[in-house]
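Heads up: the structure comes next, in structure tokens.
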Amino acid sequence: MHTVFLFPGQGSQRHDMFQPYQGTKHFELIKQLVEDELQEDVNQYTADFSSTRHVQLALLIVGVSSSKQLVDAGIRPDCVAGHSAGAYSAAVLSEVLTLKDAIRLVDLRGRLMEQAFPSGYGMIAVQGLDLNVVVQVINAHQDDVYLANENAQQQVVLSGSNTSLRAIRHTLKEKGARRVIPLSVTVPSHSPLFTKEADQLRNAMKNITIRAPKLPYVSNQTARLLRNKEAIVEDLAGNIASTVKWHTSMKMLTERGIMNFIQLPPGSIYSDLLEGAFEGIQALSVEALSVDYILQLVQKE
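Anchor point for the sequence shown: position 21 equals 8 in the working numbering, and the numbering is continuous, going up by one each time.
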């Protein structure tokens, strides 16, 4: 294996994220399918990011359409990894889920999250403080704050109530955090607060046809390559209530010989995190490079 496609999650969204793909074949087909399934204008998704449902559906549209564009150009992954909601785009490309089922599941996921926590909750990014120190601070903190994402050894995300997140920021700064940044996410993703919603997603997945993956899928929860459709379904449902072990996943992929880490749009946050973190790899952002140039780089390996 040499190449992995990385699908970003919430926090990477931008209001212009549809713009580069408007008029392209896959984007227009997927946009029309979403509008037919959900009976709404998808342009509202990028206009209003106060809705986690809008953000997640927008990420699905861009993730799937841009990845199919790469495949059409001859850039084929050996495995797929999706961060949080990006896991649903990864599941579509690996053909575990049909696009239509993924649309319905992401729509449900977003609705469940908004209904559970309509206000008063969120997430913060902590930069420049070692993961182990952050965990110690969380454990010493009495309120509902949880380790949501392990993005890098010194870049993690916490979730919880806005009150608790404000309270813990001071301690994190005292311990040496370089930056503590509120994210544009309105729910406490990847925390035990969503255990009930994870169960509801599991039940919904019993009513759809799940297929064996054509590409290995990297688990958010275990940082392992999954080739079993039941295990992938469990990861998709359960990741809403579990820590995303992203850094551990990337380390695992390098140990398995992956050389080309290609981040799908929007943004370049995950390719940027990989730069300098691991030796002998190429961390490429589709937004920053042309498809033809990425193809040349991948073919050199």
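Even for Gly, the Cβ is constructed at its ideal location relative to N, Cα and C.
None of the values given here were measured: they were computed from a predicted structure.
- The Cβ-Cβ distance between G73 and G50 falls below 9 Å.
- Here the region 133 to 147 makes contact with the region 173 to 185; the two share three or more CB pairs at distances below 8 Å.
- Note that the region 157 to 164 touches the region 112 to 124; at least 3 beta-carbon pairs, one per stretch, sit closer than 8 Å.
- As the crow flies, the alpha-carbon of V79 is around 12 Å from that of I17.
- Annotated three-state conformation of P(-5) is coil, per DSSP.
- For Q142, the three-state secondary structure derived from DSSP is strand.
- Taken through DSSP and simplified to helix, strand or coil, T(-10) comes out as strand.
- Apart from the 5 residues on each side of it in sequence, V120 sits with its Cβ closer than 6 Å to the Cβ of K162 in its chain, given in chain order.
- Per DSSP, the continuous beta strand (DSSP E) segment holding Y108 begins and ends at Y108 to Q114.
- Counting only residues of its own chain and dropping the five nearest sequence neighbours on each side, I268 has a CB closer than 7 Å to the CB of T241, M246, F248 and L261.
- Under the three-state reduction of DSSP output, E137 falls in the strand class.
- Runs of the beta strand (DSSP E) lying entirely within the region 181 to 263, each at least 3 residues long, are 247 to 250 in chain order.
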